[in-house]
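Reading through the structure tokens given below for one structure.
In the working numbering, the protein residues as written are 384 to 800.
In structure tokens:
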């Protein structure tokens, strides 16, 4: 019985009769001979065919002899093939999937995502994202972290104000979680070091190329830190691990997109927020997109790094659980990581003493009782960060819009497919 061989493995079977299976990527009919290009998850295989050819995107099995041909994809092709059609498309794809470029605008791609993403260049970002997640997990596993899974339905919108989705929960109010922040802090008291890969939801009113209503967050939290710099060191390891796993597992996708993977410095350069403001000549409590771009260009020029930490953001722009800088209480032990001109990661040291939370929140702590219960029983100094997977992938691949790195994006205008 002949078992299936993947297109990337064909060269190992020269002279043998094998079976490949996949989709008809392209048909090329010449006067004396025809070629059938079959696409599977690893690439393309060519078969030399006589007679009628199944239409593009038909699902087929092709059994033939592997014959060396330097002109064929992978240097081999299938000769004397037998073709079995497993399924035929009911309609044609919205554009030719065999063309090297993508002859369609982003709305067309998103509207027809189940078939459009079969195009190798449109599929590649998601292969890169998958490798990045694997690298994130591997890097943190190696540092003694425990992976957790936390609820995405919560009882109150307590973390960051109004940008939440309210839902009906058995006749009562509930909300989709904006982040696993409170849960991962509580789990520091159980495991010391935790991480999660999961969806988060933001009722995001901004209709831009960088905002989504749902995205995948790579979260981490660790205990027994000295300050935010320990958190930054772990983040560096996570980013380096993600990049290396992309290099190892998604090399073909990187090549398809013509991407050059960035080097992650052993120590990512860092500047304080006040320095950043002085360098850019602005005096606001947060960095503008223009400042982020300027600072990234400066880091690349002066340090040869496409990454830059900005530390010490004003406390007024950080969540209530952020730990202030003991030397400059108006500024935080928080940071952003800029990557290629855009904020990629936000993180920092958190408050850990129960009394500090009571002082910050005041008398009305009702909505926070569950959250504060962890700190009432003793919590170590800790901190963490969150990476937006789609934003990281978009920056890594040079996508102009984060939706190009998002499976079935959800935003102000899109709830389907």
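All C-beta atoms in this analysis are idealised placements derived from N, C-alpha and C, irrespective of residue type, glycine included.
Residue span of the beta strand (DSSP E) that contains residue i, given as start and end
i, result
"residue 653", "653-655"
"residue 444", "442-451"
"residue 465", "459-470"
"residue 715", "711-715"
For residue i, the first and last residue of its enclosing alpha helix (DSSP H)
i, result
"residue 743", "737-744"
"residue 774", "772-780"
"residue 639", "634-640"
"residue 787", "Residue 787 -> no alpha helix (DSSP H), and no H or E assigned at all."
Beta-bridge partners of residue i, as assigned by DSSP
i, result
"residue 732", "766"
"residue 401", "447"
"residue 690", "722"
"residue 418", "411 and 431"
"residue 677", "Answer is none; residue 677 lacks a bridge partner."
"residue 423", "426"
"residue 751", "In the DSSP output, where bridge partners are listed per residue, residue 751 has none listed."
"residue 552", "555"
"residue 648", "Residue 648 pairs with nothing; no bridge assigned."
"residue 705", "733"
"residue 387", "402"
Beta-carbon contacts of residue i that lie in its chain and below 8 Å, excluding the five residues immediately before and after
i, result
"residue 600", "562, 563, 579, 580, 581, 582, 583, 769, 770, 771 and 772"
"residue 678", "654, 659, 662, 663, 670, 691, 693 and 721"
"residue 390", "403, 405, 421, 422, 423, 425, 426, 427, 428, 456 and 457"
"residue 726", "670, 675, 719 and 720"
"residue 385", "400, 401, 402 and 446"
"residue 623", "522 and 647"
Other residues of its chain near residue i: CB distance less than 6 Å, five sequence neighbours each side excluded
i, result
"residue 566", "533"
"residue 795", "590"
"residue 404", "387 and 444"
Cβ neighbours of residue i in the same chain (closer than 7 Å, five flanking residues each side left out)
i, result
"residue 686", "652"
"residue 737", "755, 758 and 759"
"residue 517", "628 and 632"
"residue 780", "508, 511, 640, 642 and 788"
"residue 397", "449, 451 and 459"
"residue 467", "443 and 444"
"residue 740", "734, 755 and 758"
"residue 723", "679, 689 and 778"
Integer Cβ distance of residue i from residue j, believed to fall under 8 Å
i, j, result
"residue 766", "residue 573", "With a Cβ gap of about 17 Å, residue 766 and residue 573 do not count as contacting."
"residue 750", "residue 441", "Not a contact, Cβ separation roughly 57 Å."
"residue 604", "residue 568", "6 Å"
"residue 697", "residue 713", "6 Å"
"residue 537", "residue 521", "About 29 Å separates the two Cβ atoms, so there is no contact after all."
"residue 407", "residue 421", "6 Å"
"residue 775", "residue 515", "6 Å"
"residue 410", "residue 436", "5 Å"
"residue 495", "residue 477", "4 Å"
"residue 792", "residue 595", "6 Å"
"residue 527", "residue 571", "Not quite, the Cβ-Cβ distance comes to about 13 Å (not below 8 Å), so this is no contact."
"residue 621", "residue 519", "6 Å"
Mind listing, in chain order, the continuous alpha helix (DSSP H) runs of no fewer than 4 residues lying wholly within the segment 556-624?
564-574
Start-end ranges of the alpha helix (DSSP H) lying completely within the segment 472-509, minimum 4 residues
489-494 and 496-499
Where in the segment 513-540 do unbroken runs of the alpha helix (DSSP H), each at least 4 residues long, occur, reported from the N-terminal end onward?
none
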